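Worksheet for the structure shown next.
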Amino acid sequence: MAKDKIKEFYLNTSMFTDLGKYKQEAIDLFVNKCDKSLKKLCHHLMNVTIHRVLFQWALEGRDVHEYGDFAYVDYTTPMSEDDIFVTASSMFAEIFRRDKKGFYIGRPVQNRLNVTCRYVSVLTCAILKANGIPCRSRAGWARYLDENKSLDHFVNEYYDEKQKRWVMIDMDDLYDEDWLKDPLFKKNNICNEYLDFGKNQFYTAADAWKMYRKDAGFVSKLIYGADEATAEHILKYLFLDFFAVMNMEYNYTFKPIALDKPINALTKAELKEIDTLAELMSDIDKNFDKIQKLYQTPRYRMLTSPLVGKGNFDLLIKNKGY
35 MAKDKIKEFY LNTSMFTDLG KYKQEAIDLF VNKCDKSLKK LCHHLMNVTI
85 HRVLFQWALE GRDVHEYGDF AYVDYTTPMS EDDIFVTASS MFAEIFRRDK
135 KGFYIGRPVQ NRLNVTCRYV SVLTCAILKA NGIPCRSRAG WARYLDENKS
185 LDHFVNEYYD EKQKRWVMID MDDLYDEDWL KDPLFKKNNI CNEYLDFGKN
235 QFYTAADAWK MYRKDAGFVS KLIYGADEAT AEHILKYLFL DFFAVMNMEY
285 NYTFKPIALD KPINALTKAE LKEIDTLAEL MSDIDKNFDK IQKLYQTPRY
335 RMLTSPLVGK GNFDLLIKNK GY
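Residue numbers for the sequence shown follow the working numbering, beginning at 35 and rising by one.
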């Protein structure tokens with residue numbers, strides 16, 4: 035597909051990134067409050083959201099003062115609101131419901147959305163698309179959040195017209211002085227790369243899958259949430275990335291029926307099919323047409339969820355040969 039058509043595709047919104055009546059607020063935020071600066075936008079996003087891990091750390095008595103005042107956080111505070119505010123429009127609505135001033139620096143911790151990285155990525159996509167900037171969410175493994183392990187993480191890619199290329203960014207961390215004093219940042223110069231990642235800082239989900247297929251021990255280098263990752267987690271993230279690249283940024287509770295079984299139960303044909311997907315995902319623009327075609331595979335498009343299991347599709351699979 036021609037580059038202009040691909041850029042146009044990533045200006046389109048999904049049910050997750052469409053802002054509806056909040057589109058103008060997103061334009062005002064980026065243009066007027068942030069002066070079209072991604073760094074300023076990151077500041078604002080970090081002042082309307084807070085990661086669930088930080089609430090947990092606060093309840094454990096750990097020092098998280100650089101993220102705000104946690105004095106009002108107690109056992110009644112929801113540990114996660116991921117399952118409540120799944121779309122960008124719902125997040126915008128709740129941001130303004132909790133405080134009619136909306137986006138501003140210094141918003142109290144207790145008035146922020148308690149969500150994880152996928153949600154910040156969706157917000158970033160929605161805001162940049164609203165401002166005419168092609169953008170896509172990406173799922174993978176961050177190599178810069180821990181010195182010894184890579185952590186599952188959602189970031190973004192936007193198309194930079196001046197540089198004529200896709201730029202990978204992480205909008206889910208603070209750019210304040212306390213944070214930048216961390217030795218990990220000084221050692222790897224990460225603070226300068228949050229707004230333009232190199233391959234040495236982030237494993238795309240396709241990278242991780244291919245490494246796992248070459249060496250199953252690679253999984254020991256990964257963390258999923260707060261736990262050791264499994265091969266199933268790598269595969270899960272490959273499909274989260276696949277769907278996000280197709281402008282369908284579904285959350286963690288969904289997965290294709292093709293994945294509704296452990297890795298060791300996948301057939302050689304299924305593994306080969308997944309290997310092909312990973313290879314295509316290694317160069318999205320070059321392989322865009324093929325990725326779109328694969329996206330129409332029924333076994334991938336039919337999603338399980340907490341309410342809909344594989345059994346709901348069994349008759350269809352049997353009759354249609356899916």
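All C-beta atoms in this analysis are idealised placements derived from N, C-alpha and C, irrespective of residue type, glycine included.
The structure presented is a predicted model; accordingly, all values stated were derived computationally and were not measured.
Residue range of the unbroken beta strand (DSSP E) whose run includes residue i
i, result
"V189", "184-194"
"Y258", "256-258"
"V201", "199-203"
"F236", "236-238"
"A173", "169-176"
C-beta atoms of residue i and residue j nearer than 7 angstroms
i, j, result
"T338", "D294", "yes"
"A278", "S124", "no"
"N81", "R141", "yes"
"V156", "I84", "no"
"E115", "N148", "yes"
"W175", "Y246", "no"
"V120", "N321", "no"
"T158", "N190", "yes"
Residue i classed as buried or exposed, judged by whether at least 16 other C-beta atoms fall within 10 angstroms
i, result
"L218", "For L218, the predicted model reports a pLDDT of 46, less than 50, meaning its position is unreliable; a value from the coordinates is still stated below. L218 is exposed by the Cβ-count criterion."
"Q235", "buried"
"M49", "exposed"
"I341", "According to the sequence provided, residue 341 is Leu. The question's Ile does not apply to it. It counts as exposed."
"H99", "exposed"
"A239", "buried"
"R131", "exposed"
"F347", "buried"
"E42", "exposed"
"V65", "exposed"
"L53", "buried"
"K302", "exposed"
Distance, residue j Cα to residue i Cα
i, j, result
"W243", "C76", "29 angstroms"
"K352", "D323", "29 angstroms"
"C68", "K306", "46 angstroms"
"E313", "D241", "9 angstroms"
"F89", "F104", "8 angstroms"
"I333", "K70", "Inspection of the sequence shows that residue 333 is occupied by Arg rather than by Ile. Straight-line Cα distance between these residues: approximately 41 angstroms."
"Y356", "F126", "38 angstroms"
Run of the alpha helix (DSSP H) containing residue i, from where it starts to where it stops
i, result
"C151", "151-164"
"S123", "122-132"
"V332", "The identity of residue 332 in the sequence shown is Pro, whereas the question assumes Val. Per DSSP, P332 belongs to the alpha helix (DSSP H) from 332-335."
"C76", "72-80"
"V87", "86-93"
"K327", "322-329"
Three or more C-beta pairs below 8 angstroms linking the stretch 180-198 and the stretch 256-271: yes
How about the stretch 154-171 and the stretch 55-75: do they share at least three Cβ pairs that are nearer than 8 angstroms? yes
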